[in-house]
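Numbering-wise (my numbering), the sequence shown opens with residue 420 and increments by one.
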Amino acid sequence: MKQFTFKGLMAPVFTGYLGDEKRSINYEIIEPYAKYLKKKGVEAVLVNGTSGEGMLMNLEERKQVTEAWKKACVKNQLLMMTQIGGAPYPDVVALARHAEQIDVDSVLCLPELYFKPKTPGKLTEYLKNIAAHCPSTPFFYYHIPMFTDVNVYMPSFLDMAEKVIPNFRGIKYTSGELDQGTSCLKEGRTIFLGADSLLCPAVAAGFNSFIMTTLNICPELSIAIINSMRDGNVEEARKVQQQLSGEIAQILRHGDWVSATKKAFNERCSLNLGQTRQPLNFDF
């Protein structure tokens with residue numbers, strides 16, 4: 420089984436689309452996108468997550484995007500995680516097998532979104548069945564209750580999942596309840612913070628791994644916050660956190676989270692990833 424020792428910044432990458440009516444995937448932009456992130460100080464990527472509109476692609480598209488990013492990550496020395504959930508059960512199984520087949524560094528999985536698990540046991544059972552199809556790949560759960568409406572208590576779930584899922588390694592924690600996230604921190608686990616606006620207090624609480632959309636747009640702010648906190652310069656970290664929170668507020672004036680942040684990326688960066696797909700479509 421692969422080891423997973425990554426700590427640091429992982430960008431949940433957007434998916435680039437062409438300007439045709441179908442919003443066909445722009446595979447050619449993936450390699451320069453990977454190069455751009457590496458140059459900005461980001462060392463890992465999450466593919467087909469919320470920001471990447473993974474749930475708006477069909478099975479074959481998700482596989483092809485994962486393969487293209489795998490090549491780009493090898494070339495640019497980036498660690499790669501791919502999100503496999505948010506699809507019918509047979510498709511999630513197929514994506515788990517595919518991730519293992521092409522040797523990604525780790526997988527992330529949403530819960531079942533229709534027959535929602537209501538207890539730690541039910542959530543663990545679902546993920547155990549998925550993880551069995553990528554047994555050599557480090558496996559993470561994607562906790563984002565504002566989208567999934569799955570509100571299982573994470574510390575209890577983690578204790579259970581670690582006992583019965585051999586390749587389970589942690590979670591991506593995207594929630595405003597920082598106290599619950601802090602309770603998840605434990606030696607040997609990787610808990611990725613997913614809430615950009617909580618970066619400063621999260622570092623103070625002991626978080627050292629981060630998957631945040633703004634890492635695509637202004638990673639220098641997150642890097643400054645983390646470095647200031649680690650140097651004991653709390654006042655400077657707070658000041659930069661206020662700046663980051665202000666940037667987020669400005670960005671969100673233009674729509675929902677994914678559409679608005681993708682629009683901001685297109686406006687501020689040298690790459691144009693096109694619009695979002697329906698039902699997240701926006702106009703420039």
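Note that the Cβ used here is the ideal one computed from N, Cα and C, for glycine as well.
| Asked | Found |
| --- | --- |
| 7 Å CB neighbourhood of Ser-708 in its chain, flanking five on each side removed | Any question about residue 708 goes unanswered here, given that the chain covers just 420 to 703. |
| Endpoints, alpha helix (DSSP H) assigned at Tyr-452 | 449-458 |
| Val-523 vs Lys-489 beta-carbon contact at 8 Å | yes |
| Phe-703 to His-673 span [Cα, whole Å] | Residue placement at Phe-703 is flagged as unreliable, the pLDDT there being 46, under the threshold of 50; the coordinate-derived value follows with that caveat. One C-alpha to the other measures close to 10 Å. |
| Close-in-space but distant-in-sequence residues of the same chain around Asn-685 (CB under 7 Å, 5 per side omitted) | Asn-691, Leu-692 |
| Rounded straight-line distance, which links the Cα of Cys-637 to that of Val-511 | 32 Å |
| For Cys-619, the residue or residues it bridges with in DSSP | Note: Cys-619 sits in no beta bridge, so no partner. |
| Span separating the alpha-carbon of Asn-646 from that of Thr-609 | 19 Å |
| Straight-line Cα distance separating Lys-459 from Glu-639 | 7 Å |
| Residue range of the unbroken alpha helix (DSSP H) whose run includes Ala-463 | Here Ala-463 belongs to no alpha helix (DSSP H); instead the beta strand (DSSP E) covers 463-466. |
| Per-residue DSSP class, three states only, for Ser-628 | strand |
| Close Cβ partners of Lys-591 (< 7 Å) along its chain, the five nearest in sequence each way excluded | Leu-527, Phe-559, Tyr-561, His-562, Phe-611, Gly-613, Ile-630 |
| Nearest neighbour of Leu-597, chosen from Val-622, Gln-661, Met-420, Met-579 [CA to CA] | Val-622 |
| Cut-off 7 Å between Cβ atoms - residues of its own chain near Glu-655, not counting five sequence neighbours on either side | Ser-647 |
| Nearest-angstrom Cα separation, counted from Thr-469 out to Asn-627 | 21 Å |
| DSSP beta-bridge partners of Leu-527 | Gln-502, Phe-559 |
| For Leu-532 and Ala-513, the rounded distance between their alpha carbons | 17 Å |
| Own chain partners of Phe-576 with C-beta closer than 7 Å, once the 5 adjacent residues on each side are dropped | Pro-539, Leu-542, Thr-543 |
| Those residues which DSSP pairs with Gly-589 across a bridge | Phe-559, Thr-609 |
| Member of Ser-616, Pro-620, Arg-687, Val-653 whose CA lies at the smallest distance from the CA of Gln-662 | Ser-616 |
| Any C-beta of chain B under 8 Å from that of Thr-680 | This model lacks chain B altogether, as it is built from one protein chain only. |
| Proximity winner among Met-499, Arg-442, Thr-485, relative to Glu-462 (alpha-carbon distances) | Met-499 |
| Buried versus exposed call for Ala-683 [16 or more other C-beta atoms within 10 Å across all chains shown] | buried |
| Reduced DSSP secondary structure (H/G/I, E/B, other) of Ala-656 | helix |
| Cβ-based neighbour list, Pro-451, same chain, cut-off 7 Å, excluding 5 preceding and 5 following | Leu-690 |
| Beta carbon of Cys-553 nearer than 8 Å to that of Arg-516 | yes |
| Cβ-Cβ separation, Asn-635 to Phe-433 (assumed contact under 8 Å), whole Å | 6 Å |
| Spatial neighbours of Ser-664 in its chain, beta-carbon cut-off 7 Å, leaving aside the 5 residues before and after | Ser-616 |
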